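Below is one structure, written out as structure tokens; comments come after it.
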Amino acid sequence: DAKTTQPPSMDCAEGRAANLPCNHSTISGNEYVYWYRQIHSQGPQYIIHGLKNNETNEMASLIITEDRKSSTLILPHATLRDTAVYYCIVRVGAAGNKLTFGGGTRVLVKP
Amino acid sequence: DGGITQSPKYLFRKEGQNVTLSCEQNLNHDAMYWYRQDPGQGLRLIYYSQIVNDFQKGDIAEGYSVSREKKESFPLTVTSAQKNPTAFYLCASSIAGGSGANVLTFGAGSRLTVL
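Quick note, the sequences are listed as chains Y and Z, same order.
Residues in the first sequence are numbered from 225 upward in steps of one, following the working numbering.
Residues in the second sequence are numbered from 2 upward in steps of one, following the working numbering.
Here's what the structure looks like:
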């Protein structure tokens, strides 16, 4: 599995866009990039995933660089409820996977 | 609404007792998972099951047991052999194949405390 590197923490201002980076320089051609977040004392929540094209849904946008070695999760208008630990995970899209949630970026949205 | 239900939300156990955590899903997902989370740490996989009557050990299966007799249910038993069972336990489910196999839906968790 490709290893991911995320900053341990970051702050952002309420109402502004939050840009969360993730490096995955050893990613393989058939590996997807997944993002989850975990709000304190809750189960993780799936946000978005992508293979090579940029993706957008109601929660966020995912920008993957052309060489696929890094990606950025964008929360367009951060709210206080977006304060959470954000996990970037790279995995092949297939059965039998064991997703690993380690590290992540602790995001604090400030008023 | 479809989702995953874990019970109980909080559980206290005396040392030496077995305890079973319930996990039920109505998402028609084939795959189910159990994770453990310790304070300030990431999630560690205990067991997972891709189909009824089949399951595999994760990274920290010692001291735990599971069953998968029904598609909807994946109970976890924390046995007395688990040396440090106090933790937050999370159940999840997903479809079994394709990129969606990594799109997990999680329950709200069960917090186990050993007295």
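Virtual Cβ for every residue (Gly too), placed ideally from N, Cα, C.
Bear in mind the structure is a predicted one, so any value in this text is a computation, not a measurement.
Segment contact flag, the segment 287-297 of chain Y with the segment 237-250 of chain Y, C-beta cutoff 8 Å, min 3 pairs = yes
task = For residue 52 of chain Z, write down the residues that DSSP places opposite it in a beta bridge.
result = Z:55
ask   = Sorted by chain position, which residues of the same chain lie with C-beta nearer than 8 Å to residue 76 of chain Z's C-beta, five sequence neighbours on each side aside?
value = 21, 22, 23, 24, 67, 68
task = Please name the residue or residues paired with residue 5 of chain Z in a DSSP beta bridge.
result = Z:26
query = Is the number of C-beta pairs between the segment 54-65 of chain Z and the segment 327-335 of chain Y that are closer than 8 Å three or more?
reply = no
ask   = Using a beta-carbon distance below 8 Å, is residue 104 of chain Z in contact with chain Y?
value = yes
ask   = Is there a Cβ from chain Z that is less than 8 Å from the Cβ of residue 227 of chain Y?
value = no
task = Using DSSP bridges, identify the partner residues of residue 317 of chain Y.
result = According to DSSP, residue 317 of chain Y bridges with nothing at all.
task = Taking only runs that begin and end inside the segment 260-318 of chain Y, name each unbroken beta strand (DSSP E) of 3 or more residues, in chain order.
result = 269-274, 285-288, 294-299, 308-316
inquiry  = Alpha carbons only, please: which of Y:235, Y:231, Y:229 is nearest the one belonging to residue 306 of chain Y?
reply    = Y:235
request  = Measure the alpha-carbon distance for residue 33 of chain Z versus residue 289 of chain Y and round it to whole angstroms.
outcome  = 32 Å
ask   = Starting from residue 68 of chain Z and walking both ways along the beta strand (DSSP E), at which residues does that stretch end?
value = Careful: residue 68 of chain Z lies outside any beta strand (DSSP E) and carries neither H nor E.
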